[in-house]
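Down below is the structure, laid out as structure tokens.
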Amino acid sequence: MLTSKTPFCAMYNLLFDLFVDVMGIIFLLYSLSIIMIYLTMTVLSTLEMRDHLKKNKFADYKDVITSPVAPGISIIAPAYNEGKNIVQNTKSLMTLHYSKYEVIIVNDGSKDDTLDRMIESFDMVKTNFAYNHAIETKDIRGIYKSTNRSFAKLTLIDKENGGKADALNAGINIAQQEILACIDVDCILSSDSLTRMVRPFMEEINRKVIAVGGVIGVANNCDVKDGTVTKYRVPDSLMGRFQVVEYLRAFLMGRMAWTRINGLMLISGAFGLFNRELVLKVGGYFPKTVGEDMELVVRMRRYMAEQKIPYKVAFVPDPLCWTEVPESALILGRQRNRWMRGTIETLQLHQQVRLNPKYGVMGMVSYPFWSFFEKMAPIFEFMGLIYTIIMVISGDISAVYFIALFVLIYCFSIMISSFSILYEEIAYNNYKDKGDLKKLLTTIMLEPFLIHPRIVWWGLKGHYHFIKGKGGWGEMIRTGFRKATDRQNVSNA
Amino acid sequence: MTGFTKRQKLFAFLFLHQLLFSLPFGISQAQVLHQDWVQVDSLLLTGQDIPGLEFVIVADSLFLPADSTIVRFHKDIAQPGRWYSDTLGSYVEAKALEQHIPNEMRDRASIVYILFKKESNPEALLEYLDNLIRNELFAPSVAGDGGELMLLANRTAFKPFYQIRLRILSDLKMIVLLFSLILFFLASVFLVGFMFFVRSKKRRTEVMTQRFKSLCYEPLSNLLFEYELDELKDFSAQKIWEFFPNAQADNHLFKDVMIQEIISLNKNMKGDFKSKLKLIYRKLNLVAHSFKKLESSQWDIVTTGLVEINEMDVLEAAPIVQKFTHHENFHIRSQAVATYLNISNDMTLQVLVHQTFPLSRWQQMTYFRIIRFLTNQGTKVQVERLFDSYNESVRIFGYRIVRYLGLVDRLEILKEKYPNASRDEKIEILKCFDVFSFTDAIEHVHQDIYTEDKDLYVAAVKVLQNIGTVISQTILIERIEHLVDFDCLKATLEALKAMNPVLVEKELESSLKEEIRQMLAHLQDPILCDV
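In order, the protein sequences belong to chains A and B.
Residue numbers for the first sequence follow the working numbering, beginning at 1 and rising by one.
Residue numbers for the second sequence follow the working numbering, beginning at 494 and rising by one.
Structural data, given as structure tokens:
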């Protein structure tokens, strides 16, 4: 006799089977999409790199240095507790090969001797500098200029602590030149960085170039002389080496591909050039997000699309800027957590863009990609892990299927990473030592097992912290900006 | 919210997809049952317990006496002559009991199917069984003796129900996976192969280039330093070729390297050496090699050819180069115009005047360098021709050249052009007036001081800072009251302070506007004035 429990069990079995099948298909489609997208990106970045290298052959960058036609640049470098290196870094910025530029160092309420060192080293005095409060910022305590004419292009802003975005906004208010170069003060800039980065602004005729991004190189373990990396070496730690590979992948492949289709949504906060007029129009950086660099680019793009003005976000793949990357898991974890929160916050703020043809490539391609394959990646990967465990426990797993999928993804990850190294070798060949190449290849092999799970975990923590509201995001981020210029209505207080 | 709905849709789609894939299998089983009732009968005869299904045998007899009895049957009180059995759980039992019915009743007896205590017809029973089987709530077992079946099976060759090929083809996930693997494999082979090809080609070229450089360097040095220009003029091409490795005379890469070396030396040398290098270039007929590049379909090769023609001053190439000055490729066009400016001896700058594409800053930078070079050489370049171009960017470039080269004598023309100029042109012209303190233009500047355009206003005020009169001061003092933009206000105060500091003190020192006081403090700060 049939018991009353049996049909329900059968129903649950049916639902479970359905769930397993549906999830299996979803994971498979997700993996397939990633493969297709990355393959496409590889092709696009190859074409873009080829064009860039060809163009470089005919560019005489020496001309730019002295040409009266070249635009002026304001370099803005926020500094917080940078007392140890601030003088050296500022001197390095003062010796860049470009004629029309100013350097604005923003002391963002440092608790160490950053301000004193600057005043002492550059003979600076407080002035009555009148500036436009176009963007709201924390109180500015003083604006300093040097009594030494050799440092005439240097300006020092001393302000209350308000975070990097707030410090950059203070610099933007004071900046006088047409182009803004927003950098991290601890970055090492190549002497010809400005001449190369300014080129897209000077070259374009059909579209307005609103921003230009640059490649960030890993300086750990490298020899640096006169602000330029003279000898490239890969870092000693696995974590450091992983970031070399990751940066090559992100900059030489990812961003080059996005540039090809004018879909670049992120310019690294460590080194990026922006059109000052446009930055002021959209209200500068948004200090309430930790992803201020990405958020600004998206807002600028939105503004141009809303105003129906043809525009371009360019990218220069030449190695021009280097930074020390964190080699400790703790600091790297915090960085990745912050990056993930920044991504989520930016996407949240600009939901209007999602699949909106009005925003062109950004709305239809870049935004969905970032939502699905950057923001959701840790969640999908974690779900995949859970799914696999459930399958193993229930005995429903097909070993052939599982191993094939695993091998596919693993080989694919190795291929993409190897490709980016090969790419670097063809384009620049900075890592000439064969030992370095071997180390990088070993890192590529180990990355999926030793580093990637941690990256996923930090990404998940980023999601969790975003949901918990850690990092100071408010109701406003949930709501998002209805228009690009809405940021101006948001008080920084 | 939208995202949630989309996700729901995705699930719904996948659910339907799954159903579509699973449905044909269910339907085929149901069809088998419908088509052959006998199979159902044999299924029931297996004696398996089917949930909710019971049987009753009903028999009609018109001939039996009213007081007769049949074992395990009861009379129906409501319908005389009708007999019915107890409710039976098994179909086999029902069939067995049917055998006990007397012969005269057997034709009028039938088994009634009771589904969940209700009488049911065979169609409903079929549908019920169909549902049970499709939902895997009931699995029919094979009738017969297991042992016999095994014996039968031993005699039959094994044929798997699901062949692996069929299984793979019917499994969507496996298809997608296979597709991915094949795609990945092909793509990776192609990409890696391509990259290695490019890499090895590049490396080979680099090695060869280095080798050719070393082969060129010594002969070129010998020719430059051991022979006079006149001696070189007397040399035949063959004689010069003798200095170089003969085997490479037809090698394109060798010629490319040699041209690059000659250009590189030409840039760093002066006087006779330049002439010698150009002579060597011509004697070796490398000019033909450069011309050939202009026929290429690749823009970078064409541009390289143009660069070589430009650097080596191949004057006779002007007509060919002119063809490229309106090319749609930015790099070819830029280089062609630059080359043409350099080699054509066209002092009227017609190649620029007739440009239809807007000039980028990059192009302006390149062209300005050439025009400055020509001017420094003593050539009188007719920059004013650019003012009449239909292309606004060319006109603006013309005004810029006036400023950059200090062509004061063109200011009168600019003054004439000013009233009908566009906004951007006016700004450029005002910058010229400012740089040369051109007092004759003050009326024009006064006219535009009431503009609403911020950039134009600032440019005009800056001119007044240099050439302003008492009238200008009065206008600016009046304007201050209406200015709200920070940059406009600052420029105005700066101009007034430069023209008449006493007036500023008198009129504005007591201003209540915080912004104005800040600006005045800024203007009076000695450090800020100094830098």
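For every residue, glycine included, the Cβ atom is placed at its ideal position computed from N, Cα and C.
Keep in mind that this is a model prediction, so the values were computed, not measured.
Pull up the distance between the alpha-carbon of residue i and that of residue j, whole angstroms please.
{"i": "Ala952/B", "j": "Ile455/A", "result": "53 Å"}
{"i": "Thr230/A", "j": "Val224/A", "result": "6 Å"}
{"i": "Leu264/A", "j": "Gln848/B", "result": "32 Å"}
{"i": "Phe866/B", "j": "His745/B", "result": "32 Å"}
{"i": "Tyr12/A", "j": "Gly384/A", "result": "21 Å"}
{"i": "Ser1003/B", "j": "Leu986/B", "result": "14 Å"}
{"i": "Gly472/A", "j": "Lys288/A", "result": "Its pLDDT being 49, under 50, Gly472/A is placed unreliably in this model, and the value from its coordinates should be taken loosely. For Gly472/A and Lys288/A, the distance between alpha carbons rounds to 7 Å."}
{"i": "Ile119/A", "j": "Ile135/A", "result": "26 Å"}
{"i": "Gln731/B", "j": "Gln703/B", "result": "24 Å"}
{"i": "Leu180/A", "j": "Glu277/A", "result": "9 Å"}
{"i": "Leu676/B", "j": "Val682/B", "result": "10 Å"}
{"i": "Glu381/A", "j": "Ile331/A", "result": "23 Å"}
{"i": "Leu422/A", "j": "Met239/A", "result": "20 Å"}
{"i": "Met362/A", "j": "Gln176/A", "result": "30 Å"}
{"i": "Asp881/B", "j": "Ser783/B", "result": "35 Å"}
{"i": "Ile894/B", "j": "Leu799/B", "result": "24 Å"}
{"i": "Val297/A", "j": "Val290/A", "result": "14 Å"}
{"i": "Leu507/B", "j": "Leu29/A", "result": "Because the pLDDT at Leu507/B is just 45, under 50, the model does not fix this residue reliably, and the point stays unresolved."}
{"i": "Leu280/A", "j": "Ile970/B", "result": "28 Å"}
{"i": "Thr259/A", "j": "Asp933/B", "result": "49 Å"}
{"i": "Leu590/B", "j": "Ala602/B", "result": "11 Å"}
{"i": "Met202/A", "j": "Gln856/B", "result": "8 Å"}
{"i": "Val700/B", "j": "Phe766/B", "result": "29 Å"}
{"i": "Asn173/A", "j": "Ala811/B", "result": "50 Å"}
{"i": "Leu437/A", "j": "Phe372/A", "result": "33 Å"}
{"i": "Gln753/B", "j": "Gly342/A", "result": "49 Å"}
Taking Cβ positions, are residue i and residue j nearer each other than 8 Å?
{"i": "Asp108/A", "j": "Pro78/A", "result": "yes"}
{"i": "His52/A", "j": "Pro317/A", "result": "yes"}
{"i": "Tyr606/B", "j": "Pro615/B", "result": "yes"}
{"i": "Ser757/B", "j": "Leu722/B", "result": "no"}
{"i": "Ser146/A", "j": "Phe122/A", "result": "yes"}
{"i": "Tyr833/B", "j": "Met805/B", "result": "no"}
{"i": "Val64/A", "j": "Met858/B", "result": "yes"}
{"i": "Tyr285/A", "j": "Ala165/A", "result": "yes"}
{"i": "Gly72/A", "j": "Ser110/A", "result": "no"}
{"i": "Cys182/A", "j": "Phe274/A", "result": "yes"}
{"i": "Val185/A", "j": "Val218/A", "result": "no"}
{"i": "Phe979/B", "j": "Asn132/A", "result": "yes"}
{"i": "Leu44/A", "j": "Ile389/A", "result": "no"}
{"i": "Ile942/B", "j": "Thr962/B", "result": "no"}
{"i": "Tyr387/A", "j": "Phe27/A", "result": "yes"}
Determine the burial state of residue i: buried for a count of at least 16 other Cβ atoms within 10 Å of its Cβ, exposed for fewer.
{"i": "Val830/B", "result": "buried"}
{"i": "Glu974/B", "result": "exposed"}
{"i": "Pro912/B", "result": "exposed"}
{"i": "Leu14/A", "result": "exposed"}
{"i": "Ser33/A", "result": "exposed"}
{"i": "Val533/B", "result": "buried"}
{"i": "Pro235/A", "result": "buried"}
{"i": "Ile157/A", "result": "buried"}
{"i": "Phe406/A", "result": "exposed"}
{"i": "Val780/B", "result": "buried"}
{"i": "Phe689/B", "result": "exposed"}
{"i": "Lys501/A", "result": "Here chain A covers residues 1 to 493 and nothing more, so residue 501/A does not appear."}
{"i": "Ser790/B", "result": "exposed"}
State the beta-bridge partners of residue i as determined by DSSP.
{"i": "Ala165/A", "result": "Paired residue(s): none; Ala165/A is not in a bridge."}
{"i": "Thr155/A", "result": "Ile104/A, Lys145/A"}
{"i": "Cys321/A", "result": "Leu189/A, Ile216/A"}
{"i": "Met124/A", "result": "Ser146/A"}
{"i": "Ser613/B", "result": "Tyr606/B"}
{"i": "Ala181/A", "result": "Ile75/A, Leu273/A"}
{"i": "Ile140/A", "result": "Lys159/A"}
{"i": "Ile37/A", "result": "Paired residues: none, contrary to the question."}
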